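Asker:
Chains as they are written, first to last, in the working numbering: chain Y, 1 to 450; chain H, 1 to 487.
(1) Counting only Cβ pairs nearer than 7 Å, list the residues of chain H close to residue 83(Y).
(2) Run through the DSSP bridge pairs and tell me what residue 257(H) is partnered with.
(3) Where does residue 439(H) land, buried or exposed, given buried means 16+ other C-beta within 10 angstroms?
(4) How would you list, in chain order, the residues of chain H whose beta-carbon sits under 7 Å from the beta-carbon of residue 190(Y)?
(5) Distance, Cα to Cα, residue 188(Y) vs residue 264(Y)?
(6) Comparing the C-beta of residue 8(Y) with each C-beta of chain H, is any distance below 9 Å?
(7) Can you find a CB in chain Y that lies within less than 9 Å of the CB of residue 487(H)?
(8) For the candidate residues 263(H), 467(H), 202(H), 315(H), whose alpha-carbon lies nearest to that of residue 371(H)?
(9) Which residues, in chain order, does the segment 203-228 of chain H contribute to contact with chain Y at a C-beta distance below 8 Å?
(10) How do the segment 166-183 of chain H and the segment 194-201 of chain H stand: do at least 3 beta-carbon pairs fall below 8 Å, yes or no?
(11) On a Cα-Cα basis, can you pick out the residue from 383(Y), 115(Y), 71(Y), 60(Y) that is closest to residue 96(Y)?
(12) Mind listing the chain Y neighbours of residue 398(H)? Cutoff is C-beta to C-beta under 7 Å, in chain order.
(13) State the Cα-Cα distance for the pair residue 167(Y) and residue 429(Y), rounded to the nearest angstrom.
(14) By the 10 Å Cβ neighbour count, where 16 or more other Cβ atoms means buried, how is residue 192(Y) classified, buried or exposed?
(15) Under three-state DSSP, which class holds residue 268(H)?
(16) Using 9 Å as the limit for Cβ to Cβ distance, is residue 290(H) near chain Y?
(17) From the beta carbon of residue 278(H), is the nearest beta carbon of chain Y less than 9 Å away?
(18) For the alpha helix (DSSP H) containing residue 17(Y), name the first residue and the last one.
(19) Can you check the segment 395-426 of chain Y for any alpha helix (DSSP H) of at least 4 residues that lies completely inside it and give the ranges in chain order?
(20) Just checking: is the beta-carbon of residue 106(Y) within a distance shorter than 9 Å of some beta-carbon in chain H?
(21) Candidates 75(Y), 319(Y), 26(Y), 413(Y): which alpha carbon is nearest residue 57(Y)'s?
(22) In chain H, which residues lie less than 8 Å from residue 374(Y) when you measure between Cβ atoms?
(23) How many angstroms separate the CA atom of residue 13(H) from the CA atom of residue 122(H)?
(24) Buried or exposed for residue 148(Y), please, with buried defined as at least 16 other CB atoms from any protein chain shown within 10 angstroms of its CB.
(25) Is the beta carbon of residue 244(Y) sitting closer than 9 Å to the one on residue 349(Y)?
(26) In its own chain, which residues sit with a C-beta less than 8 Å from the C-beta of residue 499(H), not counting the 5 before and 5 after it?
(27) Name, in chain order, the residues that DSSP records as bridge partners for residue 52(H).
(28) Are residue 324(H) and residue 318(H) closer than 9 Å when you measure CB to CB?
(29) Taking only the alpha-carbon atoms, compute the straight-line gap between residue 43(H) and residue 447(H) and give it to the nearest angstrom.
(30) Judging by CA-CA distance, which residue of 71(Y), 36(Y), 242(Y) is the nearest neighbour of residue 30(Y)?
(31) When you compare each of 112(H), 206(H), 49(H) to residue 386(Y) by their alpha carbons, which one comes out closest?
(32) Which bits of chain H does residue 379(Y) rub up against, with CB to CB less than 8 Å?
(33) Nearest CA to the CA of residue 346(Y): which residue from 336(Y), 354(Y), 340(Y)?
(34) Can you list the beta strand (DSSP E) stretches of 3 or more residues lying completely in the segment 78-121 of chain Y, in chain order?
(35) Any idea if residue 471(H) is buried or exposed, counting beta-carbon neighbours within 10 angstroms, 16 or more meaning buried?
(36) What residues of chain H sit near residue 123(Y), judged by a beta carbon separation below 7 Å?
Encoded structure:
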């Protein structure tokens, strides 16, 4: 990668001194990325980028914080950014008394996580794999008319943090992913769309062909669809669907959102029962299966595995260094630097606290809905109200029969849903946002057109 | 003008970025690079340079909690070989930086810069500068200061606080996004534009025991620097207060199929999601729209006419030229139910043959352009809202809508922030938790009444070329039947 971080540090230090800025920190990243798509068995949408950007945070004499994000890393650009950050600091609230993370008060806790990069895969190879995979899908069956959404991508990146006290942390990443979402059209029926996303650490670990096969299987499973009657059903969420839904309501475990009064929880919710006793939840940035492990957050705080919900009891929230001080605890390493520091999960891990039971077997379920994927979360979730009403792809399960459902929605209240979890099985799957198993819910409202 | 340069001479030529403005000084380096690309065997090359100056402020519960400036600078090059294209972007807006991404793009097409070839630079048109033509060059220096924006957000926040009962939190957010873009392409296009999008949004969260509700409103314009100075936020605060008050203790809607009346302004999101995206040639290219071969055919109710305008005075999605340097058009999409035009960019034109409409848009230099909507709306009809309500025995009035989405099958959905029951021709009581779900090909025939009160609203649209500013709009409309998801 072309960005010279040592030069950047030197430039910023020099500019800060000349402007009389004594306290600053910087979080940034530099990334090389290539991706290819395929349309009608030909290369399409070939992209390559080299980009760097960073957020500079400065403190003025009154300890107010100002920031600027910039991609102009020339000396002049950096000077503009520092001046702008410093000048905007005077308008921010003094109550947001941010400070450096305890992990960044000197250079003794510096971290450098390096990966042995091989060269980026050639665009030719990306194209070949993408076109082959799309061709495989299109030739699998005449019902596959196109694969509107498909991509194979590789990136190498470095994220870094440094500050005016000499703390310096950096971490290399090498993330590759692919996805294929075929459109299947049968005569006289409405089109169906499903697909599969695979994300891994290192291009050598990316199995594009397998991803295409899974996309074919998932889409074919939805061809013989039927409408479903509206009503209350027992519902099973796939790992992907459950984590997508949980992340939409992540304000529930977010200390900053609680401080902002924009959470379904309050400080009093800690150590109370919030979910079924069968439910455990962790944030596991260093999980073995996390393709994008993070060893430090944007404030430079070391990340950790955090037990959030244990046997249904809310044991911990996710914290930045700022919220940790407010709550008189330690940061969990979930801070995102900014004019206002925010908090978010890294990689959620859901486990069940029950043993396998014959009464909770996908092959024995009767009149039960299996939700494979929830859609349109941005439109169908009211995160501050706790309610959701979401279209989904799924099946009606009756013993070993699995009937794809024509367009339908699932609706409910998130807090009630957590308490209505009746089983979490042991079939853990890795998804883009975490590790999870299938999650059984006693009852939810389904609106169909059967 | 430099002509007939060899590659050796070019590598020694010194050009550096202009630090102040994308102006005539870029003609020489860009025309040389375009010539290099053509001489190397590329069929078409297009450079896009962008500089941005963004500032947002956040006020929560009476305090300024964040001011977030963002300075960005970058460039991208798109290279076509036949009907295949590739796009390469960088932060390095120097001659060598641009040459490097050109080389990378050529390499993707298995083309090489050849040092023995004689290079003829491209004869670019006289700079078509909308900064000058539309008197926009002083916009960055004339916009509201940080202090002015903060003061206004504080006032608005205070107004929201006072207007709402059972208040838990109140948030006001404002931003201004200034962009300068320059496009130069091997067909001679050389054009510059200044864009300025400004917006304020407000949210309240109300809680009364187990009853919770949140409501959100946005105002936005792509217009003069005076947006914040002239802003009247009384209406915004009043509407938020009304929605929160109405919805806090509302019952959840019972799911089912209902006739619905969709309000004007942001109600236009239904057309945006259910039809607009499916009329973008990006969808036609991907064979992912049911309307692909329907030009000239009836795809909607007789009463429905719809437009996508590149420039609407003060519209949030307004631009003078698109991101391919083409002046924008007013595009008739549907006329009395008949599909007349698609929303088309350069690639769409190449692959589908539909005429370009000045609709090649992107979030920034890191994205290649794609066919995207601008200011999209259903034209006004003849009905009053009372006539629509009185035609319904039992239905839903969707007074305020949230976001929505559509997939390649034409299935769309969107959330309703404020909904009311219609009973025996009258609007009776509020209901919450509703989502509207439907199929594009089906719903377009069910829009049976269009009102006479067209109004527009600001929104964001996320798609293949990133998140862009758009306008949605419509008069009140009646949909004869739609699935309402609820509990």
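Note that CB positions come from ideal geometry on N, CA and C, so glycine has one too. Since we're looking at a predicted model, the values are computed, not measured.
Answerer: Here's the rundown:
(1) Result: empty, since nearest Cβ-Cβ is about 10 Å, beyond 7 Å.
(2) Residue pairing by DSSP puts residue 257(H) in a beta bridge opposite 483(H).
(3) Residue 439(H) is buried by the Cβ-count criterion.
(4) What residue 190(Y) touches in chain H: 409, 439.
(5) The straight-line gap from Cα to Cα measures roughly 45 Å.
(6) Not an interface residue.
(7) Interface residue, yes.
(8) Proximity to residue 371(H) across 263(H), 467(H), 202(H), 315(H) peaks at 467(H), based on C-alpha coordinates.
(9) Near chain Y, meaning a CB-to-CB distance below 8 Å, the residues of the segment 203-228 of chain H are 205, 212, 213, 214.
(10) Touching, per the Cβ criterion.
(11) Nearest option by C-alpha distance: 60(Y).
(12) Under the 7 Å cutoff, chain Y gives no residues; its nearest Cβ is about 13 Å from residue 398(H).
(13) For residue 167(Y) and residue 429(Y), the distance between alpha carbons rounds to 37 Å.
(14) Flag for residue 192(Y) reads buried.
(15) Look at residue 268(H) here: in three-state DSSP terms it is helix.
(16) At least one C-beta of chain Y is nearer than 9 Å to the C-beta of residue 290(H).
(17) By this cut-off, residue 278(H) is not an interface position.
(18) It spans 5-19 - the alpha helix (DSSP H) in which residue 17(Y) sits, taken as one unbroken run.
(19) List check, alpha helix (DSSP H) in window: 414-419.
(20) With respect to chain H, the C-beta atom of residue 106(Y) has no partner C-beta closer than 9 Å.
(21) The option with the nearest alpha carbon to residue 57(Y) is 26(Y).
(22) The premise fails here: residue 374(Y) is roughly 11 Å from chain H at the closest Cβ pair, so nothing lies under 8 Å.
(23) Bear in mind that a pLDDT of 49 at residue 13(H), under 50, signals an unreliable position, so the number given afterwards is only what the model happens to contain. C-alpha separation (whole angstroms): 17 Å.
(24) Sixteen is the threshold: when 16 or more other Cβ atoms of the shown chains lie within 10 Å of the Cβ of residue 148(Y), as they do, the residue is buried.
(25) Against a cut-off of 9 Å, the Cβ pair of residue 349(Y) and residue 244(Y) comes out as no contact.
(26) Because chain H in this structure spans residues 1 to 487, residue 499(H) falls outside the shown range and cannot be described.
(27) Its beta-bridge partners are 72(H), 179(H).
(28) Note that the C-beta distance between residue 324(H) and residue 318(H) is not below 9 Å.
(29) Cα-Cα distance, rounded: 45 Å.
(30) Comparing Cα-Cα distances from residue 30(Y) to each of 71(Y), 36(Y), 242(Y), the minimum goes to 71(Y).
(31) Scanning 112(H), 206(H), 49(H) for the CA closest to the CA of residue 386(Y) turns up 206(H).
(32) Here the neighbours are 402, 403, 404, 405, 413, 414, 415, 435.
(33) Of 336(Y), 354(Y), 340(Y), the residue nearest in Cα terms is 336(Y).
(34) Complete beta strand (DSSP E) runs here, min 3: 111-113.
(35) Under the 10 Å beta carbon count, residue 471(H) is surrounded by 16 or more other beta carbons and is classified as buried.
(36) Listed along the chain, the chain H residues whose CB falls inside 7 Å of the CB of residue 123(Y) are 108.
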